[in-house]
Amino acid sequence: MGKDIITTAASASDKLNRPFYIKDVKIKNRLTLAPMAGFTDAAMRTLAAEGGAGLTVTEMVSAKGLVYNAEKCEGLLLTSAAEGVRCVQLFGHEPEFFREALKLDCLKKFDVIDINMGCPVPKIVKNGDGSALIKNPSLAAEIVKACAASSGGRPVTVKTRIGFDKDENVAVEFCRTLEKAGAAAITLHGRTRAQGYGGQSDWDTIARVADSVSVPLIGNGDVCEENIGDLIGRATAFAVGRRAIGDPWIFSRMTGKTDSPGLCGTVLRHIGLMREYYGEHYACVNIRKHMGYYLRGVRGGKELKAGLMTIDCVDELIAAVRKIIGQN
Ligand SMILES: Cc1cc2nc3c(=O)[nH]c(=O)nc-3n(C[C@H](O)[C@H](O)[C@H](O)COP(=O)(O)O)c2cc1C
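Numbering (the working numbering), first residue to last: 24 to 351.
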């Protein structure tokens, strides 16, 4: 329980395979899939969970949008059996909408409620949502308190960044405020809002925050196979973002399991899961952005990607994928 940072000597994969707890919810290992709107739908989360991610999180969902039109958010709230722990990420800036949203039946199935306080997108920030809350710690605390009071005992967590403006670093104070308000774990991306996704994630700050709070601190930013050995000991667990796009089996390799179905098998399963969860049209359109990542370095990949742009039938898509990737 608590932040439970592993410092004992053991191999990296042994350490990563140890469970930890967010309040009383057991997370089977130390690797999570960071939420990425437009990518981490139920299909990608299923692949990551099958590959070994201990925790997966939905794409961000508007608390206010849920209250006004929950049906429109159905697709975002889909989860799969492979996700052992179900975690929904909500965004907004009005405590009352979080409170109301948590009364809705469609959120009852989630084991963990995460609040987005890190999104840098101008449209979101302009509304006072996402990373704008870093500039308003008292409102951020009110939101955490409102959620903790309405979650029926389920843990409420926050995902945030180290600061808002360039060179601003308020991570220790802000995360302490969140913990005091009732956050049961915090995922900290080691960049400011001003940095967006550029530059390097500040893991010294992540380690400092991990030392300063007593709840689990999930470090995030540039986590990959090459650096994970150096990062263990600096946070309770590690959220993998962009490196998992086009490579959901990264979790399997990092936890020392190597039973990947291979590139062709993974892409075909991804397409199949998209069709199963969201239908034929969604699968054909949405696999396109993943293909750019899957096909990095694949011979004939460019042609395959270009050819996929016009395919609107899953059987045709599968045949095209088999033809190109099968040969590699
Ligand atoms: C396309 C994209 C969409 C994202 N959407 C979300 C989101 O919905 N919620 C969230 O908390 N973070 C979101 N993020 C941020 C990631 O969760 C993560 O913090 C960031 O990519 C840094 O991790 P990385 O260096 O491993 O990619 C998004 C990032 C990307 C690239």
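From the three backbone atoms N, C-alpha and C, an ideal C-beta is built for every residue, glycine too.
Every value quoted in this text rests on a predicted model; they were computed, and no experiment measured them.
Exercise. Examine ligand 1 and report whether any of its heavy atoms sits within less than 8 Å of the Cβ of Gly141.
Key: Here residue 141 refers to the residue found at position 118 of the sequence shown. Flag set: Cβ of Gly141 near ligand 1.
Tell me the rounded alpha-carbon separation between Tyr305 and Glu97. Along the sequence shown, read from residue 1 onward, the residue named residue 305 stands at position 282. Along the sequence shown, read from residue 1 onward, the residue named residue 97 stands at position 74. Straight-line Cα distance between these residues: approximately 14 Å.
| message | For Asn192, list the residues DSSP reports as bridge partners. | response | Taking the first residue of the sequence shown as position 1, residue 192 is located at position 169. For Asn192, DSSP records no beta bridge to any residue.
| said: Suppose the cutoff is 8 Å on Cβ atoms and the five residues either side in sequence are ignored; what does the same chain contact list for Thr30 look like? | reply: By 1-based counting over the sequence shown, the position of residue 30 is 7. In chain order, Gly256 place their CB closer than 8 Å to the CB of Thr30, counting only its own chain and leaving out the 5 sequence neighbours on each side.
State yes or no: is the C-beta of Ala60 nearer than 8 Å to some heavy atom of ligand 1?
If you number the sequence shown from 1, residue 60 lands on position 37. Using a cutoff of 8 Å, the CB of Ala60 counts as near ligand 1, since one of the ligand's heavy atoms is closer than that.
Please indicate yes or no: does the CB of Val246 lie closer than 8 Å to some heavy atom of ligand 1? Along the sequence shown, read from residue 1 onward, the residue named residue 246 stands at position 223. In this structure, the C-beta of Val246 approaches ligand 1 to less than 8 Å from one of its heavy atoms.
Outcome for Ala33 when other beta-carbon atoms lying within 10 angstroms are tallied against a minimum of 16: Mapped onto the sequence shown, residue 33 falls at position 10. Exposed is the call here.
Just to check my reading of the structure: Thr215 and Arg184 have Cβ atoms closer than 8 Å, yes? What is that Cβ distance to the nearest angstrom? The residue given as residue 215 occupies position 192 in the sequence shown. The residue given as residue 184 occupies position 161 in the sequence shown. Contact holds; Cβ gap of about 6 Å.
Entirely enclosed alpha helix (DSSP H) segments - the segment 42-83, minimum 4 residues:
At a cut-off of 4 residues, the continuous stretches assigned as alpha helix (DSSP H) that sit fully inside the segment 42-83 are 65-74.
- Query: Does the segment 105-125 come within contact of the segment 170-180, defined as at least 3 CB pairs closer than 8 Å?
  - Reply: Yes, the segment 105-125 is in contact with the segment 170-180.
### Task
Check Cys142 in the structure and name its three-state DSSP category.
Taking the sequence shown and counting its residues from 1, one reaches residue 142 at position 119. Cys142: coil per DSSP, three-state reduction.
Review point. Relative to the C-alpha of Ile241, which residue among Leu127, Ala169, Ser161 and Thr259 is closest?
Key: Here residue 241 refers to the residue found at position 218 of the sequence shown. For Ile241, the nearest C-alpha among the options comes from Thr259.
On a Cα-Cα basis, can you pick out the residue from Arg68, Ile310, Val84 and Lys132 that is closest to Leu99?
The sequence position of residue 99 within the sequence shown is 76, counting from 1. Relative to Leu99, the option among Arg68, Ile310, Val84 and Lys132 whose CA is nearest is Val84.
| request: Consult DSSP for Arg257 and reduce its assignment to one of helix, strand or coil. | output: One-based indexing of the sequence shown puts residue 257 at position 234. Arg257: coil per DSSP, three-state reduction.
| request: From the DSSP output, read off the bridge partner residues of Lys182. | output: Numbered from 1 along the sequence shown, position 159 holds the residue referred to as residue 182. For Lys182, which the question treats as bridged, DSSP gives the partners Asn139 and Thr210.
field: DSSP beta-bridge partners of Ser224
entry: Position 201 of the sequence shown, counting from 1, holds the residue named residue 224. Note: Ser224 sits in no beta bridge, so no partner.
For Lys26, the nearest candidate out of Ala86, Ala72, Glu123 and Ser235 (CA to CA) = As a working note, residue 26 is residue 3 in the sequence shown. The residue with the shortest Cα to Cα distance from Lys26 is Ser235.
*Near ligand 1: Lys51 beta-carbon under 8 Å from a heavy atom*: Taking the first residue of the sequence shown as 1, we reach residue 51 at position 28. Set against 8 Å, the gap from the CB of Lys51 to the closest heavy atom of ligand 1 is not smaller.
| On the three-state DSSP scale, how would you describe Ser85? | If you number the sequence shown from 1, residue 85 lands on position 62. Strand at Ser85.
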